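These notes are about the structure you will find just below.
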Amino acid sequence: MVAAAWLETGDRMDREEFHRRYELAAPDFRAELVEGVVYVASPVRYGLHDEQTMLVREWLAAYRRSHPETRTGHDASVFLDDHNEYHPDAFLFRTGPGASLREGPDHYLRGAPELVVEVSASTLSRDLNDKKDAYERNGVREYIVWRVLQNAVDWFRLDDGAFARVQPGSDGIIESAVFPGLRLDVPALLAMDSERVLATLVDSAP
Numbered sequence: 023m024v025a026a027a028w029l030e031t032g033d034r035m036d037r038e039e040f041h042r043r044y045e046l047a048a049p050d051f052r053a054e055l056v057e058g059v060v061y062v063a064s065p066v067r068y069g070l071h072d073e074q075t076m077l078v079r080e081w082l083a084a085y086r087r088s089h090p091e092t093r094t095g096h097d098a099s100v101f102l103d104d105h106n107e108y109h110p111d112a113f114l115f116r117t118g119p120g121a122s123l124r125e126g127p128d129h130y131l132r133g134a135p136e137l138v139v140e141v142s143a144s145t146l147s148r149d150l151n152d153k154k155d156a157y158e159r160n161g162v163r164e165y166i167v168w169r170v171l172q173n174a175v176d177w178f179r180l181d182d183g184a185f186a187r188v189q190p191g192s193d194g195i196i197e198s199a200v201f202p203g204l205r206l207d208v209p210a211l212l213a214m215d216s217e218r219v220l221a222t223l224v225d226s227a228p
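First residue of the sequence shown: 23, per this note's numbering; consecutive thereafter.
Structure representation (structure tokens):
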């Protein structure tokens, strides 16, 4: 083991070097590499991140239960490219031939999930700038940012290689263009109403 300080916020390196150092750090040490820059994780606040993240994960897990061709994840290391290694708060991806995200023999994930959710308070600037740019460049099809302090949700969809913002319908609902039946009641999410959030899902399994 080495001291966590061996990776410090602001350090610059490629993903291979970052991961080499990361694997030597203490088990409870958390960091990400965003566009070649290291960001060491801050302590997590329950009411500004953890509670919201659990609801998002519950939403995606409920969808997966009726869609066996999909898998969900959270906090796993995702090797996005040579300059980015993230722990998304929640993500959903397809399995099988042509999948854009694959698990290697070392059990790390490589590639881009089809859908990523980040719950943002202290990390908002990074999530809506450098991290968003990297997700866009690497072909993440849909990217959702829950801006906790602003009580708002941004849903971006890849359109001709660039993210375009998707607005809810008059009923406050957005449906994924990648995962049929994955519908989000945005006002219910912001109200932390898990019953309404889950009730909006549509069973569209083949």
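Cβ coordinates follow ideal geometry from the N, Cα and C atoms, glycine included.
Note that this is a predicted model, so its numbers are computed, not measured.
> Hey, out of PRO209, ASP97 and ASP103, whose CA is closest to GLY191's CA?
Replying inline: If you number the sequence shown from 1, residue 191 lands on position 169. Measuring from the Cα of GLY191, the nearest candidate turns out to be PRO209.
> Looking at C-alpha atoms only, which residue of SER216, PHE178, ILE195 and ASN173 is the closest neighbour of LYS153?
Replying inline: Position 131 of the sequence shown holds residue 153. In this structure, PHE178 is the residue among SER216, PHE178, ILE195 and ASN173 with its C-alpha nearest to the C-alpha of LYS153.
> Taking Cβ positions, are ARG187 and ILE195 nearer each other than 8 Å?
Replying inline: Counting from 1 along the sequence shown, the entry for residue 187 is found at position 165. Counting from 1 along the sequence shown, the entry for residue 195 is found at position 173. ARG187 places its beta carbon 8 Å or farther from that of ILE195.
> Is ASP193 helix, strand or coil when you go by DSSP?
Replying inline: As a first step, residue 193 must be located in the sequence shown, where it is residue number 171. In this structure, ASP193 counts as coil in the three-state DSSP scheme.
> Out of GLU164, ASP111, VAL219 and HIS129, which has the shortest C-alpha to C-alpha gap to GLY183?
Replying inline: For this step, residue 183 is matched to residue 161 along the sequence shown. Among GLU164, ASP111, VAL219 and HIS129, the Cα nearest to that of GLY183 is on GLU164.
> So what's VAL24 in DSSP terms, helix, strand or just coil?
Replying inline: Position 2 of the sequence shown, counting from 1, holds the residue named residue 24. With a pLDDT of only 44 at VAL24, under 50, the local geometry of the prediction cannot be trusted, and no value is derived from it.
> Are the Cβ atoms of ALA47 and LEU70 separated by less than 8 Å?
Replying inline: The sequence position of residue 47 within the sequence shown is 25, counting from 1. The sequence position of residue 70 within the sequence shown is 48, counting from 1. Going by C-beta atoms, ALA47 is not nearer than 8 Å to LEU70.
> Is ASN106 buried or exposed, if buried means 16 or more other CB atoms sit within 10 Å of its CB?
Replying inline: Here residue 106 corresponds to residue number 84 of the sequence shown, with the count starting at 1. Of the residues assessed, ASN106 falls on the buried side of the cut-off, its CB having 16 or more other CB atoms within 10 angstroms.
>> Quick check on this structure: which residue in GLU197, ASP155 and ALA213 has the alpha carbon closest to the alpha carbon of PHE185?
In response: Within the sequence shown, numbered from 1, the residue matching residue 185 stands at position 163. Of the candidates GLU197, ASP155 and ALA213, the residue whose Cα lies closest to the Cα of PHE185 is ASP155.
>> For MET23 and HIS41, I'd like the C-alpha separation in whole angstroms.
In response: Within the sequence shown, residue 23 is the residue found at index 1, counting from 1. Within the sequence shown, residue 41 is the residue found at index 19, counting from 1. The pLDDT assigned to MET23 is 42, lower than 50, so where the model puts this residue is not dependable, and the model offers no usable value.
>> Could you check whether HIS96 and GLY72 sit closer than 8 Å to each other, using their CB atoms as the reference points?
In response: Your numbering for residue 72 matches position 50 in the sequence shown. Your numbering for residue 96 matches position 74 in the sequence shown. First, the residue type needs correcting, since residue 72 is Asp and not Gly in the sequence shown. Contact flag unset, no.
>> Going by C-alpha to C-alpha distance, which of ALA143, LEU137 and SER99 sits closest to ASP128?
In response: As a working mapping, residue 128 is identified with position 106 in the sequence shown. Of the listed residues, the one whose Cα sits closest to ASP128 is SER99.
> Just to confirm, does LEU29 get its C-beta within under 7 Å of one of the non-hydrogen atoms of the ligand FAD?
Replying inline: In terms of ligand content, the structure shown is empty, and the ligand FAD therefore cannot be addressed.
>> Using only the alpha-carbon positions, how far apart do SER198 and GLY32 sit?
In response: Position 176 of the sequence shown holds residue 198. Position 10 of the sequence shown holds residue 32. For SER198 and GLY32, the distance between alpha carbons rounds to 35 Å.
> Closest to ARG116 by CA distance: which of TYR85, PHE101 and LEU146 is it?
Replying inline: Here residue 116 corresponds to residue number 94 of the sequence shown, with the count starting at 1. Among TYR85, PHE101 and LEU146, the Cα nearest to that of ARG116 belongs to TYR85.
> Candidates PRO119, LEU77 and VAL56: which alpha carbon is nearest GLU38's?
Replying inline: Translated into positions along the sequence shown, residue 38 becomes position 16. Nearest neighbour of GLU38 by Cα position, chosen from PRO119, LEU77 and VAL56, turns out to be VAL56.
> The alpha helix (DSSP H) spanning GLU80 covers which residue range?
Replying inline: Position 58 of the sequence shown, counted from the first residue, corresponds to residue 80. Counting along the chain, the alpha helix (DSSP H) containing GLU80 begins and ends at 73-87.
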